[in-house]
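*Asks:* Submitted below is the structure of interest, expressed as structure tokens.
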Amino acid sequence: MNSNNRKMSPSPLLIASPLEAKKSRDDCTREGVKAGTKAAAIAGVVSAVPTLVACRVFPWAKANLNYTAQALIISGASIAAYFITADKTILECARRNAEYDRSA
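Take any residue in the sequence shown, count from 1 to its spot, add 162: that is its number in my numbering.
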């Protein structure tokens, strides 16, 4: 057996490689996308039900909100929920992973 094939034990002083930092960023992005998608789905349902009911019940909404307006109301709420939640999740994850000196 060749002794060069042996794995080296990790040294006590480890330096993070750029790939580890990229993995951390990718994890934060993945968490943000997942949370944003959940929030967008919930916001879509929550905004769709009253919008569609209002367009069937209230005379003003029935006369003034065509299908395009209804779609814009629903998609606007979903898009806003996605981006706000994804942004908050990514920032929270980055804060959690940040290493900085508090004593300075």
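By construction, the Cβ of each residue, glycine as well, lies at the ideal position given by its N, Cα and C atoms.
1) Leu253 to Asn259, Cα distance in whole Å?
2) Buried or exposed: which applies to Thr230, given that a residue is buried once 16 or more other Cβ atoms fall within 10 Å of its Cβ?
3) Would you please state the rounded distance, in angstroms, between the beta carbons of Ala197 and Thr247? I believe it to be under 8 angstroms.
4) So, with DSSP's three-state summary, where would you put Asn228?
*Replies:* Once the coordinates are examined:
1) Stepping through the sequence shown from its first residue, residue 253 is reached at position 91. Stepping through the sequence shown from its first residue, residue 259 is reached at position 97. Between the alpha carbons of Leu253 and Asn259 lies a gap of roughly 10 angstroms.
2) As a first step, residue 230 must be located in the sequence shown, where it is residue number 68. Classification of Thr230: exposed, given that the 10 Å Cβ count is below 16.
3) Taking the first residue of the sequence shown as position 1, residue 197 is located at position 35. Taking the first residue of the sequence shown as position 1, residue 247 is located at position 85. The C-beta separation of Ala197 from Thr247 comes to about 5 angstroms, placing the pair in contact by the 8 angstroms criterion.
4) One-based indexing of the sequence shown puts residue 228 at position 66. Reduced to three states, the DSSP call for Asn228 is coil.
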